[in-house]
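For reference, the structure is listed below as structure tokens.
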Amino acid sequence: MSHDVILAFLFTLFAGLATGVGSLLAFFAKTTNTKFLSFALGFSAGVMIYVSFIDIIPKAQEAFVGDLGEEEGSWLTVISFFSGMLLIALIDRFIPKSSNPHELKKVEDMEKPGSALKDPALLKMGMFTALAIGIHNFPEGIATFVSTIQDPALGLAIAIAVAIHNIPEGIAVSVPIYYATNDKKKAFRLSFLSGLAEPVGAVVAFLILMPFLNDVVFGIIFAMVAGIMVFISLDELLPAAKKYDEAHLSIYGVMGGMAVMAISLLLII
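Our numbering applies: residue 16 is where the sequence shown begins, and numbers increase by one.
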């Protein structure tokens, strides 16, 4: 197994395990640091949006054009990009709103009266949230893995952005499960397991996609990855960042994420 493949698995595992970090924050922090989360989610969105349009889409188009020609390659880039957006939109569409991993939860929600514990409805909601996060994390795992294979520096940037946005998802799993069961170990375990869908996505990419990874397949995956990341940023990260705190702070995070990504790309040219 090559060094880049091992690195790709490690980056994907790192991104997925950030849900466990969110779970631990829910247990050990007394209040939610909403300013930090607002800035961090905005930062993650900035990284994803900038790298999608400035780096990933041009690389996908370059791969297509080199194999299929200018016109056909350009069309296939656009089709693949919007196919990625459609894929993640359909995943969101079929997840019940009450179980959606992007419904905000705060650490303060852990402190509930004892009489409310052992609530089966909340336990069910927490289980569905864990499943929903797993479904969302699967294509993110493929994205991180394939990006790292192509460009380790790009893969690291995507892994960090995904990890940041997985932290509040870990809180979203832990809060209702702990509230329902009063069992921190169970809440952490399910939050941890939901993040493992990312390395599972990497394994699927390695076993199924790698043998067929020519220029066209690479272009399709990369353009779809860009579409998925732009959708996640606009539909999930930015709205969540604004709800956690004032809008300006989340936008400063976006600017910071874009600036860091821009400088990083210039330094590795």
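Where is the CB? At the ideal position from N, CA and C, for every residue including glycine.
Query: Between the stretch 78 to 96 and the stretch 220 to 228, do at least 3 Cβ pairs fall closer than 8 angstroms?; Result: no
Query: Taking only three categories from DSSP, how would you classify A198?; Result: The sequence as given places Asp at residue 198; Ala does not occur at that position. Three-state DSSP puts D198 in coil, outside helix and strand.
Query: Please name the residue, chosen from L52, G81, A202 and Q165, that lies closest to S17 on a Cα-to-Cα basis.; Result: Q165
Query: With DSSP as the reference, label S17 as helix, strand or coil.; Result: coil
Query: Pick helix, strand or coil for D82, following the three-state DSSP scheme.; Result: helix
Query: Tell me the rounded alpha-carbon separation between G272 and M244.; Result: 14 angstroms
Query: Keeping to the same chain, check which residues put their C-beta closer than 8 angstroms to that of A174; ignore five residues upstream and five downstream.; Result: F26, T27, F29, A30, T159 and T163
Query: Tell me the DSSP secondary structure of L228 in three-state form.; Result: coil
Query: Please confirm if Q76 has its CB atom under 8 angstroms from at least one CB of chain C.; Result: Absent from the structure is chain C; it holds one protein chain and no more.
Query: Apply the 10 Å Cβ neighbour rule to I278 and answer buried if 16 or more other Cβ atoms are within range, or exposed otherwise.; Result: exposed
Query: Check each candidate in P154, F54, A55 and L281 and name the one with the smallest Cα separation from F246.; Result: P154
Query: Flag this pair as yes or no: are the beta carbons of N138 and T196 separated by less than 8 angstroms?; Result: The displayed chain sequence assigns Leu, not Asn, to residue 138. Going by C-beta atoms, L138 is nearer than 8 angstroms to T196.
Query: Decide yes or no for the touch test of the stretch 202 to 210 against the stretch 172 to 189: beta carbon pairs closer than 8 angstroms, at least 3 of them.; Result: yes
Query: Between which two residues does the alpha helix (DSSP H) containing S59 stretch?; Result: T49 to V66
Query: Can A274 and I182 be called in contact, C-beta distance under 8 angstroms?; Result: no
Query: Excluding sequence positions up to five away, which residues of its chain have a Cβ less than 8 angstroms from the Cβ of I69?; Result: M276, A277 and L280
Query: For A75 versus A238, is the C-beta distance shorter than 8 angstroms?; Result: yes
Query: At what residues does the alpha helix (DSSP H) containing E213 begin and finish?; Result: A212 to V219
Query: Give the DSSP-derived three-state secondary structure of D286 in the structure shown.; Result: For residue 286 there is no data in the structure shown, the boundaries of the chain being 16 and 284.
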